[in-house]
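Final position of the sequence shown in this note's numbering is 1884; the numbers increase by one with none missing.
Okay, so here's the structure we're looking at.
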Amino acid sequence: MSQLVPDERDEKQQHRDYRRQVGHPVRAVQHGPEVRRQPEDQQKEDQKPARIDADPDAEHVHQLDRAWTTEHAAMVAQGDPADRPTMTRSNDMLELRARLAEVTDLRNVKQLLEWDHQTMMPPDGSSTRAESVGTLERITHELFISDETGRLLEQAAEDLDGAAADSDDARIVEVTRRRWEKARRVPVELAAEISRAAALGHDAWVEARRRSDFASFAPCLERNFELARRYVDCFDSYESAYDVLLDDYEPDMQTTEVGSLFAELRSELVPLIATLREHSDRVDNSCLHGSFAIDRQRRLVADVLEVMGFDRRSWRMDDTVHPFAVSLGAGDTRITTRWDESYFASGLYGAMHECGHGLYEHGIADELRRTPLGHGESLGLHESQSRMWENMVGRSRQFCQVLAPRVAGAFATTIDPDALYRAVNLVKPSLIRVEADEATYGLHVVLRFELEQDLIEGRLKVADLPQAWNAKVKEYLGIDVPDDAHGVLQDVHWSGMAIGYFPTYALGNLIAGQLWERAHNDVPDLDERLREAVRFLPQAKAVGRLPRGSV
1334 MSQLVPDERD EKQQHRDYRR QVGHPVRAVQ HGPEVRRQPE DQQKEDQKPA
1384 RIDADPDAEH VHQLDRAWTT EHAAMVAQGD PADRPTMTRS NDMLELRARL
1434 AEVTDLRNVK QLLEWDHQTM MPPDGSSTRA ESVGTLERIT HELFISDETG
1484 RLLEQAAEDL DGAAADSDDA RIVEVTRRRW EKARRVPVEL AAEISRAAAL
1534 GHDAWVEARR RSDFASFAPC LERNFELARR YVDCFDSYES AYDVLLDDYE
1584 PDMQTTEVGS LFAELRSELV PLIATLREHS DRVDNSCLHG SFAIDRQRRL
1634 VADVLEVMGF DRRSWRMDDT VHPFAVSLGA GDTRITTRWD ESYFASGLYG
1684 AMHECGHGLY EHGIADELRR TPLGHGESLG LHESQSRMWE NMVGRSRQFC
1734 QVLAPRVAGA FATTIDPDAL YRAVNLVKPS LIRVEADEAT YGLHVVLRFE
1784 LEQDLIEGRL KVADLPQAWN AKVKEYLGID VPDDAHGVLQ DVHWSGMAIG
1834 YFPTYALGNL IAGQLWERAH NDVPDLDERL REAVRFLPQA KAVGRLPRGS
1884 V
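As structure tokens, then:
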């Protein structure tokens, strides 16, 4: 895909070619190497996208450019003293960082509205909220894709010529230019329309899930996948339409790569799970089931999250239909979970998962905040942190020894740590992805990956999705789906236009396993430290970030 994956030509020449395609003067740009390279076909000269000047919104973009001053840029770029650069930067780099800071601020405001939508907003506010986020997306998109952003990227890259490719500024320029080149292909109004559809889709999904009625949600899903196809059509060279969507979450990853990896996982996991299923009745998990008052669950989860590093002065936790986390900058991390009065593990491990996301962004260096590197570049890596805390830590024998007395205290009962450990690690096919065990979880992701490919490519009609879903659950997990709420309607992603996200969960699992193995190599007494979790985890938080290249 020409605008997503670079070919093996000289990178300066590649950039010159791109500048010719979009109608800009050619200037040499030096930047760091891409992580992955794949050969691709040369684009023909007659496959040129329209110039930005042809866009009816272009004059507004130019007005934004003219209003931008060097003095204002330097002020915004430097921000708080903790965020001020420790090296001398050119005016162009200061201006670029200032512009990116404002783009990040606007995106954080949009995220705040989306958080409010899913936690606090009254139901009747849906249509107004959709217009609000659409407007914010239009303003943000216009600012980011403007010619002035491109000019600053070129000048900053020239100023950095000869700098280390892995320096913060070099990486900011590289990542920003990549995103800028992709975003410029997307019309402003389409970007706004996608944001509006995501807001409206969420509420339609919540109601359909509550009623277990896929038919009522189908028109919304049809609309969302049609918008996704229009988004894909903005790009004129790709091997698979799904490549364009996957790239938004896992840059440069190809559908064929994921498909090959998942095929290997599926071939190994299906027979393994079938064997383990025959012995699942040997494990008693009754300690996880019963009657657990939600207020007591809240206290238990709050206790566990504080052990992990949750700080009430800069974090908060709220209820939602489908758990998620957002980081709105230093000192403002918000996580959510949901509760089941008959199964306390749902709220507990959901909160630990989202806290893992929060800890990842909480640990990002201050000097990278308000830049494109401030939220992480890979969703697979992001998910590795949440899955690691949820499973590698949360389901370890050592952590269960710390958790058991807290569970007993919260619910005024007795619970054996070893029994708890066996219960939370029971391998048994289940219907709900976010509650699945480690062994079966990957198959939940594989079936979603396969289905959304078929939907985006037009091989599967939305009306036939429930039947296709149920068939794959039966094939991969060997269980029957009783209704839509426990099947095709269980996840929020497609309602919110997050098409292409699902593979990052399985990639995160694989990354988490590798990181955990490395952690044990580097910290031989890690298991013992986990046993002393109240002491160890705050220490881990205090140690902070590892140097680049250490993992």
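Backbone N, C-alpha and C fix where the C-beta goes; we use that ideal spot for every residue, glycine too.
Here's the rule: buried if 16 or more other CB atoms are within 10 angstroms of the residue's CB, otherwise exposed. What is residue i?
i       : result
Leu1605 : exposed
Ile1505 : buried
Asn1724 : buried
Arg1517 : buried
Glu1597 : exposed
Met1721 : buried
His1612 : exposed
Arg1646 : exposed
His1655 : buried
Ala1796 : exposed
Arg1851 : exposed
Glu1514 : buried
Ser1729 : buried
Pro1762 : buried
Gly1689 : buried
His1853 : exposed
Arg1430 : buried
His1622 : exposed
Thr1608 : exposed
Glu1470 : buried
Glu1717 : Checking the sequence, you will find Ser at residue 1717 rather than Glu. Buried, since its Cβ has 16 or more Cβ neighbours within 10 Å.
Pro1455 : exposed
Compute the Euclidean distance between the alpha carbons of residue i and residue j, then round it to the nearest angstrom.
i       : j       : result
Asp1425 : Gly1642 : 38 Å
Leu1439 : Thr1473 : 6 Å
Ser1479 : Ala1541 : 39 Å
Asp1817 : Gly1829 : 18 Å
Asn1557 : Val1519 : 16 Å
Leu1784 : Asn1803 : 11 Å
Glu1507 : Tyr1575 : 24 Å
Thr1666 : Tyr1682 : 18 Å
Arg1631 : Asn1618 : 21 Å
Ser1679 : Thr1482 : 45 Å
Ala1532 : Ala1658 : 17 Å
Glu1435 : Ala1831 : 24 Å
Arg1510 : Leu1486 : 7 Å
Glu1601 : Arg1703 : 42 Å
Arg1615 : Leu1692 : 36 Å
Thr1468 : Thr1653 : 25 Å
Ala1626 : Glu1674 : 6 Å
His1826 : Arg1864 : 36 Å
Ser1423 : Ala1525 : 34 Å
Thr1461 : Cys1620 : 45 Å
Leu1397 : Leu1810 : Residue confidence is low: Leu1397 scores 37 on pLDDT, short of 50, so the model does not pin down where it sits. Its coordinate-derived value is still stated next. Answer to the nearest angstrom: the Cα atoms are 54 Å apart.
Ser1593 : Ala1741 : 45 Å
His1450 : Ser1459 : 8 Å
Leu1759 : Glu1491 : 56 Å
Val1603 : Val1806 : 11 Å
Val1442 : Trp1448 : 10 Å
Leu1560 : Arg1792 : 17 Å
If you drop the 5 nearest sequence neighbours on each side, which residues of the same chain put their C-beta closer than 8 Å to that of residue i?
i       : result
Ala1579 : Residue 1579 is actually Leu in this sequence, not Ala. Excluding sequence neighbours, Leu1579 sits near Met1586, Gln1587, Thr1588, Val1591, Gly1833 and Pro1836.
Arg1888 : What is shown of the chain runs 1334 to 1884, which leaves residue 1888 out entirely.
Leu1706 : Asp1501, Arg1504, Ile1505, Val1508 and Ile1697
What are the partner residues of residue i, as DSSP defines its beta bridges?
i       : result
Ala1658 : Ile1668
Arg1649 : Arg1667
Tyr1676 : His1622
Report all residues from its chain with a CB closer than 6 Å to the CB of residue i; omit the five preceding and five following residues, and keep chain order.
i       : result
Ser1545 : Asp1816, Asp1817 and Ala1818
His1535 : Ser1828 and Gly1829
Met1650 : Ile1668
His1686 : Ser1719 and Glu1723
His1777 : Arg1766 and Ala1769
Val1779 : Phe1595 and Arg1599
Pro1857 : none
Val1539 : Val1654
For residue i, collect the residues of the same chain with a Cβ closer than 7 Å to its Cβ; drop the 5 residues on either side in sequence, then sort them by chain order.
i       : result
Pro1799 : Phe1547, Asp1817, Gly1820 and Val1821
Asp1581 : Gly1833
Ala1551 : Val1795 and Ala1796
Gln1444 : Val1659 and Leu1661
Asp1860 : Gln1731
Ala1463 : Arg1529, Ala1532 and Leu1533
Q: Examine the Cβ distances between the stretch 1831-1849 and the stretch 1700-1713 and report whether three or more of them are shorter than 8 Å.
A: With contact defined as three or more Cβ pairs closer than 8 Å, the stretch 1831-1849 and the stretch 1700-1713 are in contact.
Q. Counting Cβ pairs, one atom from each stretch, are 3 or more of them under 8 Å apart for the stretch 1731-1750 and the stretch 1685-1700?
A. no
Q: Specify whether the stretch 1781-1797 and the stretch 1845-1854 touch according to this definition: at least 3 beta carbon pairs, one from each stretch, less than 8 Å apart.
A: No, the stretch 1781-1797 is not in contact with the stretch 1845-1854.
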